[in-house]
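Below is one structure, written out as C-alpha cells, with a few remarks after it.
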Amino acid sequence: MDAGAVSSRREQYYTMYSINKEVFQCRILDILGEKSSDAQRQQEREARYRQRVLDSFFEYGRLKAIPAQRKKERICLEEIAKELELGRPYPERELNQVLLRFHQDYCTLRRDMISEGILRREEGLYTRLV
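Numbered by my numbering, the letters in the sequence shown go through residues 15 to 144 in order.
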C-alpha cells in the first residue's frame, strides 16, 4: 500500500529517499473521518447486496428456491426469522406452519436455521436467537 509518505529517486548507484512533509501535516481526525466514510460505504454496499438477494429469491413473500450459497441462504433465513418472536419458544408444529408459508421444504429451512445459529432446539421447542 502506497501512502505517499516517502518518495525515492535513483542517482547513479544509489537510491535517494525523501519524506513528503505534507502527508504528516494532516490531522488525525481527517484520517479517521475517511475510514468512517469507508465503513459507511461498506454498509451501504452490504445493504444493496442483501436487497438484491432478497429480490432474487423471494416472490410474493415466498421463497422461490433455497439458495445454494451459504451467504445468500443466511440472508434468506434471517429474513424468514423476522416472522418469529425473539426468545419465544415455538412447538415444532407451529414453527413448521410458519416456515411452510415461505417454502414447501420447511424441514430443510428449520435444520438450516438451527445450523446457522438462528434457532435453538431444546426439548422439542424452537427459540429464535437472532
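We put the CB at the ideal spot given by N, CA and C, even for glycine.
Under the three-pair Cβ rule at 8 angstroms, the stretch 89-96 counts as touching the stretch 59-69. A direct Cα-Cα distance of roughly 5 angstroms separates LEU143 from ILE132.
The stretch 58-136 is shown to contain whole alpha helix (DSSP H) runs of 4 or more residues at 84-95, 106-114 and 120-129, in chain order. Boundaries of the beta strand (DSSP E) harbouring TYR140: 139-142, taken from the DSSP string. Counting the other Cβ atoms within 10 Å of the Cβ of ASP52 gives fewer than 16, which makes it exposed.
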